[in-house]
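Engineer:
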Amino acid sequence: MEAETMQEDRLNDLIRQSLDQPVIATTSANVEGQEKATDERELLYNFAFIDEDSKREIRRKLLKAVALPGHLVPFASRDLPIARGWGTGGLQVTMSLVEPRDILKVIDQGDDDSVNAVNLRRLVEKTTGISFTTDTTQASLVQTRHRVPEEPMRADQILVLQVPMADALRAVEPVVERATEMHAEADYGRMWVYMYESVVRSGDVEISSQYPVLVENRYVMDTSPIPRYDVPRLDQAETLYLFGAGREKRVYAIPPYTTVVPLQFEDYPFKTEHNAAQRCERCGSNDTFLTHVFVDPKGPEAQGRWMYLCSDTSFCQKRVQARELSETMEK
Amino acid sequence: MAYVAVKGGTKAVLNAEQLVDYFRLKGGSEPISVRQIQDQMRLAVDRAMGEGAIYAPELAALALKQSEGDALEASFLLRAYRSTIARVDYSLPTEGVRMRTLRRISATFKDIPGGQMLGPTRDYNLRLLNTLLRTESSESAQERLAEIEKLIEEVPDEVQIFPKVIESMRAQGILAEPPAQDRAEADAEPYDITRRALTFPAPRSARLQVLSQADAGSLMTFAYSSVRGYGDVHPTLGELRYGYLPIEVAHPLTGEPVEIGEILATECEMVSRVEAAEDEQDAAQKREATPPKFGLGYGFGFGHCEVKVMSMSMLDRVLSVAKENSGHGAQGPASNEEFVLLHTDGIEASGFTAHYKLPHYVTFQANISVLERSREHQVAQFAATVEQRQQAESKLQDLLKTAASNEGEE
Amino acid sequence: MIGTSQGTQTLYSTLTFRLLLDALARPGKIKQLESPQFWGEAPSYSERNTAINLHALGALLTLLDRETTFVMGTNGQWFAREEAAVRWTMLRSGSTLANPEQASFAFFCDGGNSALFAQLSVGTLLEPELSTTAFFCVEQLADDLSEAHEDGITLELRGPGIQDVSTISVAGLQVSTLEAILFARKSYPLGIDVYLIDGAGRCVGLPRTTKIQLRAETR
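Chains as they are written, first to last, in our numbering: chain A, 1 to 331; chain G, 1 to 410; chain R, 1 to 219.
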């Protein structure tokens, strides 16, 4: 027990050290002090890591993406200290957006504490000095991999999604040149055939994630590997959704109040995985996306077991705390 | 400044970092200096630089030390660093013929103007492990250097410039001119892949940039496949050079070229027969208009990287031929420009391959639910089939009974 | 580039981008741009020695660099390279003047001109994102019609980014220009994306997805 706290203390020291004496000098978040700071300190890296030219290019592309909901806009994706496929697209979008007063939440599979979320947060921390939160309602920007937060996001927030594959047509047309032509001509016949074939094969549409949607009745779009459960959140939302695919070098967007309809057949309508009979064993919710998790035993006598738990860990924690509070108040 | 409290995930990441350092140092041997890597691991440094796409030998050596010799990881560090440097200027185009050559060979002719110069190469070394290297010391290294220096004859005062072998071919009228579109592109500004995303069909300048910073192993695989049979190109090495290339920029005021330094680079020119069109009519017309010639494939890389530039030049040739004959992967994956250019970047390929280590449990949960539904469907289908069969059987039974009773009646 | 405080400029660029992004994501929602004090005085155009709307020009500058091109014009004419405002912009951004058909950005110092606007690129089916983005310096923008300028036109906006309908009043935008804007976007996904910015720095975004209806005047 003592060893554990000692280790935790040591780790807390390490993280404080790395933040106080960053390897990379950052501009201070204090605007007034910034001018003086620029003279005094030699800036090794720009605010938010990437240089201004790169940010400008991404920003120009994001504006076009918003004007063309669901359309893939190519951008000159820069190499970052994070590996390709590990969130460089989402990160570049976030870095182009972030200003000193932002409060950022980073999640992976819905979890703030996932090692990849931790790592992305570290890079942003080192290069911006902004504040972070695990509370979706407190964040101004949320960067996510594979989930939309359970709490509906507002007009003053932006959700940045990490995307591995970018093109919904990849499943039917791996050649980028041809797929681009198909999008240009709204020639989506092969997509419908692909879905029809999956119905014939397995009795229903077999697509489990990266579900294709039709945006504003024009572009077929890849929703990124969010569960079907999250797909309806894209339609007529209050918040702006920005998608970044670093390796594929594409950005795309779903503005608020945009029509986003999953591809489906009349007799095989779009269904989510939701099962109202299933509850989170920690907070009791049956209105969130649950994942099956093996939880280690607490003590030597207890046995570990498989549990259904909310994938959105912060939201789950909130509900647990709310329930505990109401229970204490009742007493 | 608020930060998310150290919980399990952060702890794990921090611990992992400590362990990486531990594994690098626990052997207890003397820490390697960056200088030693730069001097004595020249080829690893060159590979890291080439794939990191930044000419910085000392930084490449540092990156190799940091990554414990993982060349791909080292090139990743360099690429990330490159992204942060402001672009000051663009160098003027330089020609390989101006190279101060250390090594220069050709397979096309036995003797070439200027001669064949082997230079520093292991090509003809016997691949036998040299155990003497175990006991190398500073003194023995100095002695060895002195030994070699005694053998070096006087260095000529003038820098010897070797003409290009392909110029001889051009003079003989056997080297084809590049197709019109390539020439137009060559006169325009090169496509900058660091500033614009690659789109297809890609201009040749974009293709060459991608190949030059691609993973050496991937290029080798594609080139090998194309010469082994999955391609229609039979190449001969026109010229391979390794040496110092001058780098020049335009003076900001006068506009005159100013040399700012030299880089070590390897350059390769492959030639192969320009195949006539398949259509006989076209071929006949072609033969009348233009005699068959050799086409050129070009390879270039930082530092000393022969297999890489040779592979690159072969691929350049294969892809040009494929474009001229409008074949999309007609002769194998190496002829498919999109396929080659999208899958040979080491940083992208390794990053994405490795990303499968990231948690995917949300999508896996979604997959499980779809799987279960498929199973239910399969079970239902099987049950339906079974019922159908049973119905058919009972009908058959009925028919047989009726037939038997009829027979009995007779 | 002319030396100004790098820190202040970087922050201004970032904040301006967030405003421009929100303006385009929520057409009709008026955003308040900041004035870029560090640029000093705005250039004027020789015609009437009128200073250019610095809120608008500053915003444009945050998106320009050596990788993009622009055109600038007023009163039915494109500015030549020698025009002070053009030189001012090129020097501070590294961007260059281009032909209207190829320019990434178009800056109108006034309510625009339909003939000039018609020369701009609407993009292609393969690359609709290559279309121009146009900035118009208008006299006044208002979302509260009671505060509207008496010469203003009322626009009803529908489409992505708008819940049901959004109504704004614009003074200083020619109806013919509005018609040109609508014409350019009649074949989605082709179209030109537009920003309207008034003298006080109020900004409205009109992406090509926004359907615009001119409300008949009732006085």
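Where is the CB? At the ideal position from N, CA and C, for every residue including glycine.
Nothing here was measured: the structure is a model prediction, and the numbers come from that model.
#1: Any idea which residues DSSP pairs G244 of chain A with across the strands?
#2: Please work out which residues of its chain come closer than 6 angstroms, Cβ to Cβ, to P203 of chain G, disregarding the five sequence neighbours upstream and downstream, and give them in chain order.
#3: For the alpha helix (DSSP H) containing E337 of chain G, name the first residue and the last one.
#4: Could you tell me which of G:L211, G:L129, G:H355, G:A380 sits nearest to G85 of chain A, measuring between CA atoms?
#5: Taking one C-beta from the stretch 236-255 of chain G and one from the stretch 74-87 of chain G each time, how about it: are there three or more such pairs within less than 8 angstroms?
#6: Tell me which residues share the same chain as G205 of chain R and place their Cβ nearer than 6 angstroms to its Cβ, disregarding the 5 neighbours each side in the sequence.
#7: Can you confirm whether the stretch 133-142 of chain A touches the stretch 153-172 of chain A when touching is taken to mean that 3 or more C-beta pairs between the two stretches lie within less than 8 angstroms?
#8: Would you kindly check if the distance between the Cβ of L214 of chain A and the Cβ of L263 of chain A is under 8 angstroms?
#9: If we count Cβ pairs, one from each stretch, closer than 8 angstroms, do we get three or more for the stretch 92-102 of chain R versus the stretch 61-69 of chain R?
#10: Got a sec: which bits of the stretch 196-228 of chain A sit with their beta carbon under 7 angstroms from any beta carbon on chain R, in order along the chain?
#11: Beta carbons nearer than 9 angstroms to chain R: which residues of the stretch 50-66 of chain A have them?
#12: Which residue from A:P300, A:E301, A:V98, A:H292 puts its Cα closest to that of D312 of chain A?
#13: Checking the sheet assignment: what are the DSSP bridge partners for A171 of chain A?
#14: How should H304 of chain G be labelled, buried or exposed, when 16 other C-beta atoms within 10 angstroms of its C-beta is the threshold for buried?
#15: Is the CB-CB distance between V98 of chain A and A48 of chain A below 8 angstroms?
#16: Which of the three DSSP states, helix, strand or coil, is assigned to V274 of chain G?
#17: Round the Cβ separation of G332 of chain G and S218 of chain G to the nearest angstrom and send it over; I've been treating them as touching at under 8 angstroms.
#18: Reducing DSSP to helix, strand and coil, say where M117 of chain G ends up.
#19: Using beta carbons (cut-off 8 angstroms, strictly below), is P36 of chain R in contact with chain A?
#20: With a 10 Å radius around its C-beta and 16 neighbouring C-beta atoms as the bar for buried, classify G27 of chain G as buried or exposed.
#21: Suppose you measure from the CA of V260 of chain A to the CA of D235 of chain A; what does that come to, to the nearest Å?
#22: Buried or exposed: where does P156 of chain G fall if 16 or more other Cβ atoms within 10 Å of its Cβ makes it buried?
#23: Measuring CB to CB, does V73 of chain A end up less than 8 angstroms from Y257 of chain A?
#24: Please classify E179 of chain R: does DSSP put it in a helix, a strand, or coil?
#25: Could you give the residue range of the beta strand (DSSP E) that holds A250 of chain G?
#26: Measure from the alpha carbon of K308 of chain G to the alpha carbon of each residue in G:F364, G:I347, G:S320, G:E267, then state which is nearest.
#27: Mapping the DSSP letters down to three states, classify E327 of chain A as helix, strand or coil.
#28: The beta strand (DSSP E) spanning A142 of chain R covers which residue range?
#29: Could you list which residues in chain A have their beta carbon closer than 8 angstroms to that of I162 of chain R, in chain order?
#30: So K61 of chain A is in the alpha helix (DSSP H); what residue range does that whole segment cover?
#31: Strictly under 8 angstroms for the Cβ-Cβ distance: is P262 of chain A near chain D by that measure?
#32: Could you confirm whether any beta carbon from chain G is found closer than 8 angstroms to the beta carbon of N116 of chain A?
#33: Looking at I197 of chain R: is its Cβ nearer than 8 angstroms to the Cβ of F135 of chain R?
#34: Determine which residues share a DSSP beta bridge with G301 of chain G and list them.
#35: In chain A, which residues lie less than 7 angstroms from E338 of chain G when you measure between Cβ atoms?
#36: Mind pulling the chain A residues with CB within less than 7 angstroms of Y188 of chain R?
Structural biologist: With the given structure in hand:
#1: For the purposes of this step, residue 244 of chain A is taken as residue 244 along the first sequence, with counting starting at 1. Beta-bridge pairing links G244 of chain A to A:Q162, A:V251.
#2: Numbered from its first residue, the second sequence carries residue 203 of chain G at position 203. Excluding residues within five positions, the ones whose Cβ falls inside 6 angstroms are E185, Y191.
#3: As a working note, residue 337 of chain G is residue 337 in the second sequence. Going by DSSP, E337 of chain G is part of the alpha helix (DSSP H) stretching over 337-343.
#4: The residue you call residue 85 of chain A lines up with position 85 of the first sequence. The candidate whose alpha carbon is nearest that of G85 of chain A is G:H355.
#5: In this structure the stretch 236-255 of chain G does not lie against the stretch 74-87 of chain G, because fewer than three pairs of beta carbons, one per stretch, are closer than 8 angstroms.
#6: Walking along the third sequence from the start, residue 205 of chain R turns up at place 205. A distance below 6 angstroms between beta-carbons, with the five flanking residues on each side excluded, links G205 of chain R to the following residues of its chain, in chain order: A23, L24, P27, Y195.
#7: When Cβ pairs closer than 8 angstroms are counted between the two stretches, the stretch 153-172 of chain A is seen to touch the stretch 133-142 of chain A, the count reaching three or more.
#8: The residue labelled residue 263 of chain A in the question sits at position 263 within the first sequence. The residue labelled residue 214 of chain A in the question sits at position 214 within the first sequence. In contact: L263 of chain A and L214 of chain A (Cβ atoms closer than 8 angstroms).
#9: Yes: the two stretches touch, three or more of their Cβ pairs being nearer than 8 angstroms.
#10: Of all residues in the stretch 196-228 of chain A, only E216, R218 place a beta-carbon less than 7 angstroms from a beta-carbon of chain R.
#11: Listed by position along the chain: E52, D53, K55, R56, E57, R59, R60, K61, L62, L63, K64, A65, V66.
#12: As a position in the first sequence, residue 312 of chain A is number 312, starting the count at 1. Among A:P300, A:E301, A:V98, A:H292, the Cα nearest to that of D312 of chain A belongs to A:H292.
#13: For this step, residue 171 of chain A is matched to residue 171 along the first sequence. DSSP lists no partner for A171 of chain A.
#14: Within the second sequence, numbered from 1, the residue matching residue 304 of chain G stands at position 304. Label assigned to H304 of chain G: buried.
#15: Position 98 of the first sequence, counted from the start, is the residue given in the question as residue 98 of chain A. Position 48 of the first sequence, counted from the start, is the residue given in the question as residue 48 of chain A. In this structure, V98 of chain A lies near A48 of chain A, with their beta-carbon atoms less than 8 angstroms apart.
#16: In the second sequence, counting from the first residue as 1, residue 274 of chain G sits at position 274. Here V274 of chain G sits in coil by DSSP.
#17: Here residue 332 of chain G refers to the residue found at position 332 when the second sequence is read from its first residue. Here residue 218 of chain G refers to the residue found at position 218 when the second sequence is read from its first residue. Beta-carbon to beta-carbon, G332 of chain G and S218 of chain G are separated by about 15 angstroms, too far to satisfy the 8 angstroms threshold.
#18: Translated into positions along the second sequence, residue 117 of chain G becomes position 117. Reduced to three states, the DSSP call for M117 of chain G is strand.
#19: Residue mapping note: residue 36 of chain R aligns to position 36 of the third sequence, counting from 1. Look at P36 of chain R: its C-beta is not under 8 angstroms from any C-beta on chain A.
#20: One-based indexing of the second sequence puts residue 27 of chain G at position 27. By the 10 Å Cβ count, G27 of chain G comes out exposed.
#21: As a position in the first sequence, residue 260 of chain A is number 260, starting the count at 1. As a position in the first sequence, residue 235 of chain A is number 235, starting the count at 1. Cα to Cα, V260 of chain A sits roughly 5 angstroms from D235 of chain A.
#22: Within the second sequence, the letter at position 156 stands for residue 156 of chain G. Burial call: exposed.
#23: The residue you call residue 73 of chain A lines up with position 73 of the first sequence. The residue you call residue 257 of chain A lines up with position 257 of the first sequence. It is not a contact, given that the beta carbons lie outside the stated cut-off.
#24: Taking the third sequence and counting its residues from 1, one reaches residue 179 of chain R at position 179. In the structure shown, E179 of chain R sits in a helix (DSSP, three-state: H, G or I).
#25: Within the second sequence, residue 250 of chain G is the residue found at index 250, counting from 1. Annotation for A250 of chain G: the continuous beta strand (DSSP E) segment containing it runs 235-250.
#26: Position 308 of the second sequence holds residue 308 of chain G. The option with the nearest alpha carbon to K308 of chain G is G:E267.
#27: Here the question's residue 327 of chain A lines up with position 327 in the first sequence. DSSP places E327 of chain A in the helix class (H, G or I) of the three-state scheme.
#28: On the third sequence, position 142 is the one that residue 142 of chain R refers to. Note, A142 of chain R: beta strand (DSSP E), 140-142.
#29: If you number the third sequence from 1, residue 162 of chain R lands on position 162. By Cβ distance, chain A contributes Y257.
#30: Here residue 61 of chain A refers to the residue found at position 61 when the first sequence is read from its first residue. Secondary structure note for K61 of chain A: its alpha helix (DSSP H) is the uninterrupted segment 52-67.
#31: Note that chain D does not occur in the displayed structure, where the protein chains are A, G and R.
#32: Taking the first residue of the first sequence as 1, we reach residue 116 of chain A at position 116. At least one chain G Cβ lies under 8 angstroms of N116 of chain A.
#33: Stepping through the third sequence from its first residue, residue 197 of chain R is reached at position 197. Stepping through the third sequence from its first residue, residue 135 of chain R is reached at position 135. Yes; because the gap between Cβ atoms is below 8 angstroms, this pair is in contact.
#34: To locate residue 301 of chain G, count along the second sequence from 1; it is residue 301. Its beta-bridge partners are G:T266.
#35: Taking the second sequence and counting its residues from 1, the one referred to as residue 338 of chain G is at position 338. For E338 of chain G, the C-beta contacts it makes with chain A under 7 angstroms involve V175, V176, E177, in order along the chain.
#36: The residue labelled residue 188 of chain R in the question sits at position 188 within the third sequence. Chain A residues near Y188 of chain R: R218.
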